[in-house]
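S.K.: Encoded as structure tokens, here's the structure I'll be asking about.
Residue numbers (our numbering): 428 to 1451.
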């Protein structure tokens, strides 16, 4: 017995090495199968391959028959242990992200050159290698007891130094990493290597007493702990990144996995019975204990598979436990029949391979493959020759295995067919959903009902259900109504019965719908043949986090469970319907914003035009009139300044509400713009009816509007146009009403004006002038007339005022009071004003060059020109271009500009004075001049307006005003000029009051430049 045990010890140790070799192969294959694109995965795989070569070669060298074969396998093993340290260091550098170092070519030279040298010494060179080994056949197998020479010492230095460097790099990475997981990973691997290295040193020290002499070269055994620690850290901390599992490719789900484990369990149990039948009942002689023991082992494996699925602590690891049992069953069953060369049993692993094909990943297939190959290699080593005997037992076992194999094959085929059917159904569903989604891309409020009915019918036919319906709640969720219904043949309609159903009277599951929960209501029938199961699946239709309704399928079925695709499709359809409702709501919102005013809720200009055009078409048929009222609130900007924008918005809302209440429902009130409203009065028989409504609307503004608890009185003006006399289009009627409103504003506040031909002619004339004014400057139609200003003391001309005239080709001379307002409205005031300034200054310079007495040229500056920030620079440029001295240019500003309290005005005036210009205030007395403001202005002269001069001979008040202005000017050190003097009496009064200068028809009317030149010559020769 002892001799037999000693004889099989080499095989036992070889088998131990084979197991470790298989584990290394499994570790590497598993990691690289997870993600072969990851560089660290590939290096770990290479490391495991070289360890497998190392371990496999040692396994072979221990139990071979002669020394030559042992020497061969020892040299093969050197390929593994010579490269292990270098590959391990390379792996640690990748693991610790030493990317910059790994980009250097020389690091690879340093890592792998020593390995190449030692491979040559210990493996490739026969003459050198034979000196490194001293092989002795012991009871434990072939061992190497070579003495340590220079190459062994160098190898030890290389091996331990590289491992030490790698571990130091790993320790530094873990110690200084900010990630707690990195620290734990590094610590775990270091623990594993510590155990392995300590074990290796112990084996080296005790090598003489133990059979494992030369432990360093067989360190693949003790390195198993370190590699296991690395593999465990990969699994626990995911050092190697794993790609996500594509759920669409999953074949083996949880339910199918349970079934296949049950099939495997049944296979092992069936195999235990097959073993008894084929080996005990069929042969004439049999060892019952051996047979029962092996059958018990198979039975135990079958029961352990069941236990792994059912015991709670083991469920988490059931896949690993069952795969381990399957992997171990291969060598166990194979070695049971090794003496007869396994003529039948060798094929049973193919059953396990078939099963492994349906797994979601390759771990099971890799594990079974490794177990098969290692087992067959061991069989080849242990029993290289055997006599094959085919007897009745073999035939029974073969038939039994075929039966089990076919049984498993049918199950696997069923899984594939089921999955293919599921894929086909899924494709149909995806196609249907794609068509559904595409069809609903152009859904709108008009075609929503048609499209939803179409797809409700298609869904019902596709899933062969009894009834499908779309139901919606009312606004307060108090009732629910069926909007769309599709029913199968023979199913009665219930749509009419399902209208305005109170939620309290509806089924209980409606509350779940309101809570935005999916309902799967399964009412099981009492007697299946008479009353099938009633199934209701309902999915909420929600948009903007609000449940609007639900989509429901109703089915009467004999099945105990339903296809889960029903609910999935329902959710998708419900979501598409919800998106469609959101789209429709958005379109309605867009339409509302496009046609309605957001503040008042009234129709806007676009919708008003549309309704007015419709009203015109109707009036053309019934012969009625249409009244259009355009109403504008007076001085609304002032209202906004008093109440703020929020208060003025509230006021506009109140105005709109009162206007709506003042007209009939068939009429239309529109917020046309800002503070303007347009009103259409339909079916008017006479003008008086329109005026009656206008009076009623005007009366609205006689009462106070209450905003934020305060009373506000506002006024408005309105213009009225009537179809058909004031126009036959919406645009024309609105335009004429607007024209009439402008006329009403001229009359004062709270007025309305009915459009007339006279008003339209005025506007037409004004529009014509405006249009012509754009071309007047280019067509040289503008003229500058000049009117002298006379000194009352000397009678000499001291200045000339430049006055603008327009020589219209059809209308003749047009005065400034018409031109200036038009120019300001059209924005032409700046180019026209610049032209007047240039022309006047050039003319004055021309007169001076002709030897005429130098006089100031006075030019009016409009408010628009004065607000130009480039005014001062323009004046500089003008004076430079015309070569006119500044003292001969006088700028006349209207009083409303001068009295403006803006510091900008004072700054500009100071700038003009610095240029040396003469500053005069025109139309003095017509505005509300502030004396405190007046004294701050840098000016030279005050010009008394003509309206005061006209009355000084008859009106004592005008006399008092003129006298006061002259005294004020004298006291302020300013000159005074009177404008519009036409009689001798006016001249005499002004002389008595010591007015400095006078301008008017009494002396000269405005005249062209040529006439003005003659006057200057005459005045120079014959002064008064």
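Just so it is clear, CB atoms sit at the ideal spot from N, CA and C, and this is done for glycine as well. Bear in mind that the values here come from a model prediction, so they are computed numbers and not experimental data.
1. Leaving out the 5 sequence neighbours to the left and right, which residues in its chain are closer than 7 Å to residue 1258 when beta-carbon positions are compared?
2. Starting from residue 571 and walking both ways along the beta strand (DSSP E), at which residues does that stretch end?
3. If contacts are defined as beta-carbon pairs under 8 Å, then residue 1211 and residue 1266 qualify, I think. What distance do you get, rounded to the angstrom?
4. Determine the burial state of residue 624: buried for a count of at least 16 other Cβ atoms within 10 Å of its Cβ, exposed for fewer.
5. Give me the residue from 792, 756 and 685 with the minimum Cα distance to residue 742.
6. Please tell me whether residue 581 and residue 546 are closer than 8 Å, where the distance is taken between their beta carbons.
7. Under 7 Å Cβ to Cβ from residue 676, same chain only, skipping five residues before and after it: list those, please.
8. Kindly indicate which three-state DSSP category residue 1391 falls into: helix, strand or coil?
9. Quick check: the Cα distance between residue 622 and residue 656, rounded to an integer number of angstroms?
10. Applying the 10 Å Cβ sphere with the 16-neighbour rule, what's the burial state of residue 533?
11. Looking at C-alpha atoms only, which residue of 1332, 1213, 1241 and 1222 is the closest neighbour of residue 1274?
12. In chain order, what residues of the same chain have a beta carbon less than 6 Å from the beta carbon of residue 1181, not counting five sequence neighbours either side?
13. If residue 1333 sits next to residue 1297, beta carbons under 8 Å apart, how far is it from one beta carbon to the other, in whole angstroms?
14. Locate the alpha helix (DSSP H) running through residue 1134, then write down its first and last residues.
15. On the premise that residue 1079 lies in contact with residue 1033, defined as a C-beta separation below 8 Å, what is that separation, rounded to the nearest angstrom?
16. Residue 1113 by DSSP, collapsed to three states: which one?
17. Counting Cβ pairs, one atom from each stretch, are 3 or more of them under 8 Å apart for the stretch 1389-1398 and the stretch 1335-1346?
18. Tell me, which residues are paired with residue 900 by DSSP?
19. From the DSSP output, read off the bridge partner residues of residue 1235.
20. Excluding the 5 residues flanking residue 673 on each side, which residues of the same chain have their C-beta closer than 7 Å to its C-beta?
21. Along the chain, which unbroken stretches of the alpha helix (DSSP H) at least 4 residues long are found entirely within the stretch 1139-1209?
22. Taking residue 475 as the reference, which of 1310, 1185, 652 and 1443 has the closest Cα?
23. Alpha carbon to alpha carbon, what distance is there between residue 453 and residue 596?
24. Going by alpha carbons, who is nearest to residue 926 out of 896, 914, 939 and 943?
25. Quick check on residue 1415: buried or exposed, where buried means 16 or more other Cβ atoms within 10 Å of its Cβ?
26. Could you tell me the boundaries of the beta strand (DSSP E) in which residue 1426 lies?
27. Name the two residues that bound the continuous beta strand (DSSP E) containing residue 1402.
28. Please report whether the beta-carbon of residue 1215 lies at a distance below 8 Å from any beta-carbon of chain B.
29. On the criterion of 16 or more Cβ atoms from any shown chain inside 10 Å, does residue 1411 qualify as buried, or is it exposed?
30. Just how far apart, CA to CA, sit residue 1286 and residue 1225?
31. Taking the beta carbon of residue 1188 as the centre, do at least 16 other beta carbons fall within 10 Å, making it buried, or is it exposed?
32. Please state the DSSP three-state secondary structure of residue 424.
33. Sorted by chain position, which residues of the same chain lie with C-beta nearer than 7 Å to residue 733's C-beta, five sequence neighbours on each side aside?
34. Would you be able to state if there are at least three C-beta pairs under 8 Å between the stretch 1397-1409 and the stretch 1420-1439?
35. In chain order, what are the residue ranges of uninterrupted alpha helix (DSSP H) at least 4 long that sit wholly in the stretch 1041-1100?
36. Which class does residue 998 belong to by DSSP, given the choice of helix, strand or coil?
M.R.: Well, looking at it:
1. For the purposes of this step, residue 1258 is taken as residue 831 along the chain shown, with counting starting at 1. The answer, listed in chain order, is 1204.
2. For the purposes of this step, residue 571 is taken as residue 144 along the chain shown, with counting starting at 1. Looking at the DSSP string, the run of the beta strand (DSSP E) that includes residue 571 is 568-571.
3. Along the chain shown, read from residue 1 onward, the residue named residue 1211 stands at position 784. Along the chain shown, read from residue 1 onward, the residue named residue 1266 stands at position 839. Right, their Cβ atoms sit about 5 Å apart.
4. Sequence index remark: in the chain shown, residue 624 carries index 197 (1-based). Looking at its Cβ environment, which holds 16 or more other Cβ atoms inside 10 Å, residue 624 is buried.
5. The residue labelled residue 742 in the question sits at position 315 within the chain shown. Nearest C-alpha to residue 742: 685.
6. Counted from its first residue, the chain shown places residue 581 at position 154. Counted from its first residue, the chain shown places residue 546 at position 119. No, they are not a contact pair.
7. In the chain shown, counting from the first residue as 1, residue 676 sits at position 249. Because the pLDDT of residue 676 is 41, which lies under 50, any placement of that residue in the model is unreliable, and the number read from its coordinates should be weighed accordingly. Excluding positions up to five away in sequence, the list is empty.
8. Start at 1 with the first residue of the chain shown, and residue 1391 comes out as number 964. It is helical.
9. For this step, residue 622 is matched to residue 195 along the chain shown. For this step, residue 656 is matched to residue 229 along the chain shown. Near 10 Å, if we compare the C-alpha coordinates of residue 656 and residue 622.
10. The count along the chain shown starts at 1 and reaches residue 533 at position 106. Exposed, because fewer than 16 other Cβ atoms sit within 10 Å of the Cβ of residue 533.
11. By 1-based counting over the chain shown, the position of residue 1274 is 847. The residue with the shortest Cα to Cα distance from residue 1274 is 1213.
12. For this step, residue 1181 is matched to residue 754 along the chain shown. For residue 1181, where only same-chain residues beyond five positions count, the Cβ hits under 6 Å are 1147.
13. Working through the chain shown from its first residue, we reach residue 1333 at position 906. Working through the chain shown from its first residue, we reach residue 1297 at position 870. Residue 1333 to residue 1297, Cβ: 18 Å. No contact.
14. Counting from 1 along the chain shown, the entry for residue 1134 is found at position 707. Note, residue 1134: premise wrong, no alpha helix (DSSP H); beta strand (DSSP E) at 1132-1134.
15. As a first step, residue 1033 must be located in the chain shown, where it is residue number 606. As a first step, residue 1079 must be located in the chain shown, where it is residue number 652. That pair is no contact at about 19 Å.
16. For the purposes of this step, residue 1113 is taken as the residue at position 686 of the chain shown. If DSSP states are grouped into helix, strand and coil, residue 1113 belongs with coil.
17. no
18. Taking the first residue of the chain shown as position 1, residue 900 is located at position 473. Residue 900 pairs with 907.
19. By one-based count along the chain shown, residue 1235 stands at place 808. BP columns for residue 1235 point to 1239.
20. Working through the chain shown from its first residue, we reach residue 673 at position 246. Because the pLDDT of residue 673 is 42, which lies under 50, any placement of that residue in the model is unreliable, and the question is left without a value.
21. 1157-1174 and 1184-1203
22. On the chain shown, residue 475 is found 48 positions in, with the first residue counted as 1. Cα-wise, what sits closest to residue 475 is 652.
23. Sequence index remark: in the chain shown, residue 596 carries index 169 (1-based). Sequence index remark: in the chain shown, residue 453 carries index 26 (1-based). The straight-line gap from Cα to Cα measures roughly 27 Å.
24. If you number the chain shown from 1, residue 926 lands on position 499. Nearest option by C-alpha distance: 896.
25. Here residue 1415 refers to the residue found at position 988 when the chain shown is read from its first residue. The residue in question, residue 1415, is exposed, as its Cβ has fewer than 16 Cβ neighbours within 10 Å.
26. As a working note, residue 1426 is residue 999 in the chain shown. That run of the beta strand (DSSP E) goes 1424-1426.
27. Looking up residue 1402 in the chain shown gives position 975. Start and end: 1402-1406.
28. Of the protein chains in this structure there is only one, and it is not chain B.
29. The residue you call residue 1411 lines up with position 984 of the chain shown. Exposed: under 16 other Cβ atoms inside 10 Å.
30. Residue numbering aside, residue 1286 sits at position 859 when the chain shown is read from its first letter. Residue numbering aside, residue 1225 sits at position 798 when the chain shown is read from its first letter. About 14 Å.
31. Indexing the chain shown from 1 puts residue 1188 at position 761. Its Cβ having fewer than 16 others within 10 Å, residue 1188 is exposed.
32. In the structure as shown, the chain starts at 428 and stops at 1451, and residue 424 therefore has no counterpart that could be examined.
33. Taking the chain shown and counting its residues from 1, one reaches residue 733 at position 306. If we look at residue 733 and ignore the five residues flanking it on each side, its Cβ neighbours are 692.
34. yes
35. 1063-1088
36. Locating residue 998 in the chain shown gives position 571, where the first residue counts as 1. Looking at residue 998 - three-state DSSP - the assignment turns out to be helix.
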